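With numbering that gives the first Met the number 0 applied, the sequence shown closes on residue 307, and no number is skipped along the way.
Notes follow once the structure below has been shown.
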Amino acid sequence: MVSSDMLSGVFAPIITPFDEDENVLIGRLKENIEKYNETDLKGFMPLGSNGEYQGLTDEESLKILTAVCRTRAKGRTIVAGCGRESAYKTVEFIKQTADCGMDMAFVLPPSYFKDKMTDEALKAYFIAVADRSPVPVVVYNAPKFASGLLVSVELIESLSSHPNIVAMKNSSMHPNAEYMKAIGRVPGFYLIAGNIKTFFPGLCDGAVGGVLSTASYLPEYCCKLYDYFAGGETEKAAELHAFLNALSSATIGPYGVAGVKLGMDIRGFYGGRTRLPLLPVPPDERRRIEKHLGEAGIPRFTDGRFPD
Numbered sequence: 000m001v002s003s004d005m006l007s008g009v010f011a012p013i014i015t016p017f018d019e020d021e022n023v024l025i026g027r028l029k030e031n032i033e034k035y036n037e038t039d040l041k042g043f044m045p046l047g048s049n050g051e052y053q054g055l056t057d058e059e060s061l062k063i064l065t066a067v068c069r070t071r072a073k074g075r076t077i078v079a080g081c082g083r084e085s086a087y088k089t090v091e092f093i094k095q096t097a098d099c100g101m102d103m104a105f106v107l108p109p110s111y112f113k114d115k116m117t118d119e120a121l122k123a124y125f126i127a128v129a130d131r132s133p134v135p136v137v138v139y140n141a142p143k144f145a146s147g148l149l150v151s152v153e154l155i156e157s158l159s160s161h162p163n164i165v166a167m168k169n170s171s172m173h174p175n176a177e178y179m180k181a182i183g184r185v186p187g188f189y190l191i192a193g194n195i196k197t198f199f200p201g202l203c204d205g206a207v208g209g210v211l212s213t214a215s216y217l218p219e220y221c222c223k224l225y226d227y228f229a230g231g232e233t234e235k236a237a238e239l240h241a242f243l244n245a246l247s248s249a250t251i252g253p254y255g256v257a258g259v260k261l262g263m264d265i266r267g268f269y270g271g272r273t274r275l276p277l278l279p280v281p282p283d284e285r286r287r288i289e290k291h292l293g294e295a296g297i298p299r300f301t302d303g304r305f306p307d
């Protein structure tokens with residue numbers, strides 16, 4: 000059984016660094032992980048939307064996951080993106096990647112045949128994956144990346160009783176509180192907030208942690224928010240949450256993966272370019288965002304400590 004400690008805290012989605020010819024830069028990836036190791040991040044989530052997983056080959060994905068697993072500091076949890084459009088292919092990919100050292104696999108619902116993806120079909124899919132997966136499964140509820148497909152409260156309530164389905168990452172705007180009402184009394188099943196906007200409210204509703212794009216470029220700030228909450232300093236947590244949410248909305252958030260990579264570059268991580276068809280942030284906006292972050296008092300990343 001997965002303990003709550005393995006998922007309690009802040010996770011950074013791991014971007015995939017590319018050179019100007021769109022080749023994967025494993026060395027730069029390791030450098031980013033080494034910097035993250037200096038922070039209080041609970042773990043890492045490679046091969047997700049911020050990792051541009053849909054644009055990676057399976058061979059590249061294996062190399063990326065291996066590098067992340069080998070570079071992480073002791074005690075960091077790795078939940079890797081493994082969802083594919085069929086249960087068979089998803090299980091085969093999980094089996095390929097399990098030996099890399101990941102702790103869990105997060106799986107996005109298949110959506111190519113969206114009009115056929117009833118709760119019955121999705122339940123059959125997730126149970127088939129969980130029954131055959133060598134590692135615990137985390138359901139990834141992200142309508143934005145699944146053709147608008149939402150994991151319903153009824154579906155997750157049903158799936159939460161499976162011994163190898165251990166959590167749901169909720170990146171939808173459907174209230175965490177409604178999911179918690181359904182799964183809150185299920186032992187060994189956890190809810191994880193999926194974006195900065197819902198992170199603090201999610202913690203208040205019972206989520207154990209969060210996977211936050213903001214943590215990719217502001218890891219120490221996101222960790223401090225969690226520490227405030229866990230330590231009972233909810234007013235400070237609320238204030239920091241409001242600051243980070245507003246900052247993200249005004250700068251990085253609207254540009255998605257390209258924005259996250261820009262934020263990382265500005266702070267001294269390696270973000271670099273995206274793979275086509277994703278375009279970079281326009282030069283004028285890059286300058287505006289860098290100025291805005293500076294005026295907000297955001298320094299370059301140094302040693303992982305929250306600036307006093």
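Cβ coordinates follow ideal geometry from the N, Cα and C atoms, glycine included.
As the structure is a prediction and not an experimental result, all values here were calculated from the model.
Quiz item: How about the segment 202-213 and the segment 267-281: do they share at least three Cβ pairs that are nearer than 8 Å?
Solution: no
Quiz item: How is the beta strand (DSSP E) around residue 201 delimited, first residue to last?
Solution: For residue 201, no beta strand (DSSP E) encloses it; the enclosing alpha helix (DSSP H) starts and ends at 195-204.
Quiz prompt | Integer Cβ distance of residue 65 from residue 32, believed to fall under 8 Å | solution = Not really, about 12 Å apart at Cβ, beyond 8 Å.
Quiz prompt | CA-to-CA distance, residue 115 to residue 160, given in whole angstroms | solution = 24 Å
Quiz item: Per the contact definition of three or more C-beta pairs closer than 8 Å, is the segment 294-307 in contact with the segment 81-88?
Solution: no
Quiz item: DSSP state of residue 269, grouped into three classes?
Solution: coil
Quiz prompt | Every unbroken beta strand (DSSP E) within the segment 215-277, with a cutoff of 3 residues, ordered by chain | solution = none
Self-check item: In DSSP terms, what residue 104 is bridged to
Solution: 79, 136
Exercise. Provide the residue(s) that pair with residue 168 in DSSP beta bridges, ordered along the chain.
Key: 139, 191
Quiz item: In or out: residue 218 buried (at least 16 other Cβ within 10 Å) or exposed?
Solution: buried
Quiz item: Mind checking residue 169: buried by the 16 CB within 10 Å criterion, or exposed?
Solution: buried
Exercise. Spell out the partners DSSP gives residue 12 in its beta bridges.
Key: 44
Self-check item: Start and end residues, beta strand (DSSP E) containing residue 210
Solution: Going by DSSP, residue 210 is part of the beta strand (DSSP E) stretching over 208-210.
Quiz item: With 16 other CB atoms within 10 Å as the buried threshold, where does residue 28 fall?
Solution: buried
Self-check item: Own chain partners of residue 201 with C-beta closer than 6 Å, once the 5 adjacent residues on each side are dropped
Solution: 175, 192
Quiz item: Once you ignore the five residues that flank residue 274 on each side, which residues in its own chain have a CB closer than 7 Å to its CB?
Solution: Here the set comprises 17, 21, 51, 54.
Self-check item: Beta-carbon gap between residue 104 and residue 68 smaller than 9 Å
Solution: no
Quiz item: What is the residue span of the alpha helix (DSSP H) that residue 157 lies within?
Solution: Per DSSP, the unbroken alpha helix (DSSP H) holding residue 157 starts and ends at 152-158.
Quiz prompt | Three-state secondary structure (DSSP) of residue 17 | solution = strand
Self-check item: Simplified DSSP assignment, three categories, for residue 280
Solution: coil
Practice problem: Less than 8 Å between the CB atoms is what I'm expecting for residue 128 and residue 166, so what's the real figure, rounded? | Solution: Not really, about 14 Å apart at Cβ, beyond 8 Å.
Exercise. Check whether the Cβ atoms of residue 46 and residue 13 sit closer than 9 Å, and answer yes or no.
Key: yes
Quiz item: Does residue 181 get closer than 9 Å to chain D when you measure Cβ to Cβ?
Solution: Of the protein chains in the structure, only one exists, and it is not chain D.
Quiz item: What is the C-beta distance between residue 77 and residue 43, in whole angstroms, given that I count them as a contact (C-beta under 8 Å)?
Solution: 5 Å
Quiz item: Can you name, in chain order, every residue of its own chain whose Cβ lies under 7 Å from the Cβ of residue 252, other than the five neighbours on each side?
Solution: 258
Exercise. For residue 90, name the three-state secondary structure that DSSP assigns.
Key: Correct three-state label for residue 90: helix.
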